[in-house]
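In the working numbering, the protein residues as written are 15 to 284.
The structure under discussion appears below in the form of structure tokens.
What follows is the structure in structure tokens.
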């Protein structure tokens, strides 16, 4: 029977998984609605896109029995982001055939890696069904040493956390709209919130006297994940505030222009 702490971990893991799945949707909706990529930083999206693979590593090779949330959430996220990446180039007005081809190759390569991790994940699921644990003592899938889990937990998530920050800073300096959806940043903020609770509760769970060795070893990876989630929520809060302000300012400007044009049209008719 699950303890209240374990139930809480499951709840926040599920919430974090749902929000992670939704990360690429706001920008995808914006692209489909406007059919215009805008002045975005393509490199930032590629860094984020491939950075998600780091979370797949944590989801497959971390010894915690709760890591499957991390894997499924990020696998689904990277699949949705594949569509976002495609339309970023498809709706880019100055694209060339060479750019489009490179984008398709990059997306295909990412998906091949993702499905490779998916096959490994299915092995852990098989072990869970047969042996009652994702990572039994005779596990086919090896788990990373605690120190390596910590390193991955500290370094790899930096790609998804800081991917859009340089482009955001440039947009602020140049005082121009970056083409990013403010609702994308808001989605990231909610996502960070749930994962902060998830990682924090897993760290507490790993410190229980009756915790097994696998759970204790996974604590360092969760510490790394928690650190970056705290940094990420600060970065995306700032990004949301700025992109929302600029987005609203542009909408007011367009509305003012439309009002003036309507007035001129009315005067011409008179």
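Each residue gets a CB set at the ideal place from its N, CA and C atoms; glycine is no exception.
Around the C-beta of residue i, are 16 or more other C-beta atoms found within 10 angstroms, so that it is buried, or is it exposed?
{"i": "residue 243", "result": "buried"}
{"i": "residue 246", "result": "buried"}
{"i": "residue 248", "result": "exposed"}
{"i": "residue 195", "result": "buried"}
{"i": "residue 222", "result": "exposed"}
{"i": "residue 92", "result": "buried"}
{"i": "residue 57", "result": "exposed"}
{"i": "residue 250", "result": "buried"}
{"i": "residue 129", "result": "exposed"}
{"i": "residue 48", "result": "exposed"}
{"i": "residue 54", "result": "buried"}
{"i": "residue 255", "result": "exposed"}
{"i": "residue 253", "result": "buried"}
{"i": "residue 87", "result": "buried"}
{"i": "residue 81", "result": "buried"}
{"i": "residue 231", "result": "buried"}
{"i": "residue 173", "result": "buried"}
{"i": "residue 18", "result": "exposed"}
{"i": "residue 262", "result": "exposed"}
{"i": "residue 164", "result": "buried"}
{"i": "residue 124", "result": "buried"}
{"i": "residue 85", "result": "buried"}
Within the continuous alpha helix (DSSP H) that includes residue i, where are the two ends?
{"i": "residue 22", "result": "18-35"}
{"i": "residue 91", "result": "82-104"}
{"i": "residue 44", "result": "39-48"}
{"i": "residue 161", "result": "160-169"}
{"i": "residue 156", "result": "Segment: none, residue 156 is in no alpha helix (DSSP H) and carries neither H nor E."}
{"i": "residue 149", "result": "First-last for residue 149: undefined, no H or E at that position."}
{"i": "residue 185", "result": "179-188"}
{"i": "residue 201", "result": "196-220"}
{"i": "residue 57", "result": "56-75"}
Is residue i near residue j, with beta carbons less than 8 Å apart?
{"i": "residue 214", "j": "residue 182", "result": "no"}
{"i": "residue 95", "j": "residue 117", "result": "no"}
{"i": "residue 113", "j": "residue 103", "result": "yes"}
{"i": "residue 212", "j": "residue 52", "result": "no"}
{"i": "residue 235", "j": "residue 169", "result": "no"}
{"i": "residue 101", "j": "residue 45", "result": "yes"}
{"i": "residue 148", "j": "residue 79", "result": "yes"}
{"i": "residue 217", "j": "residue 186", "result": "no"}
{"i": "residue 110", "j": "residue 199", "result": "no"}
{"i": "residue 171", "j": "residue 69", "result": "yes"}
{"i": "residue 201", "j": "residue 33", "result": "yes"}
{"i": "residue 37", "j": "residue 97", "result": "no"}
{"i": "residue 120", "j": "residue 197", "result": "no"}
{"i": "residue 220", "j": "residue 203", "result": "no"}
{"i": "residue 90", "j": "residue 35", "result": "yes"}
For residue i, would you say it is in contact with chain D, using Cβ-to-Cβ distances shorter than 8 Å as the test?
{"i": "residue 178", "result": "No chain D appears in the structure shown, which is made up of a single protein chain."}
Is it the case that the CB of residue i approaches a heavy atom of the ligand HEM more closely than 7 Å?
{"i": "residue 49", "result": "Ligands displayed in this structure: none; no statement on the ligand HEM is therefore possible."}
- Per the contact definition of three or more C-beta pairs closer than 8 Å, is the region 175-185 in contact with the region 210-227? no
- Okay, do the region 130-143 and the region 198-208 touch, 3+ Cβ pairs below 8 Å being the bar? no
- Task: Spell out a yes or no on whether the region 53-66 and the region 15-26 are touching, meaning 3 or more CB-CB pairs, one atom from each, closer than 8 Å.
- Result: no
- Cβ pair count under 8 Å reaching 3, the region 67-86 against the region 136-154: yes
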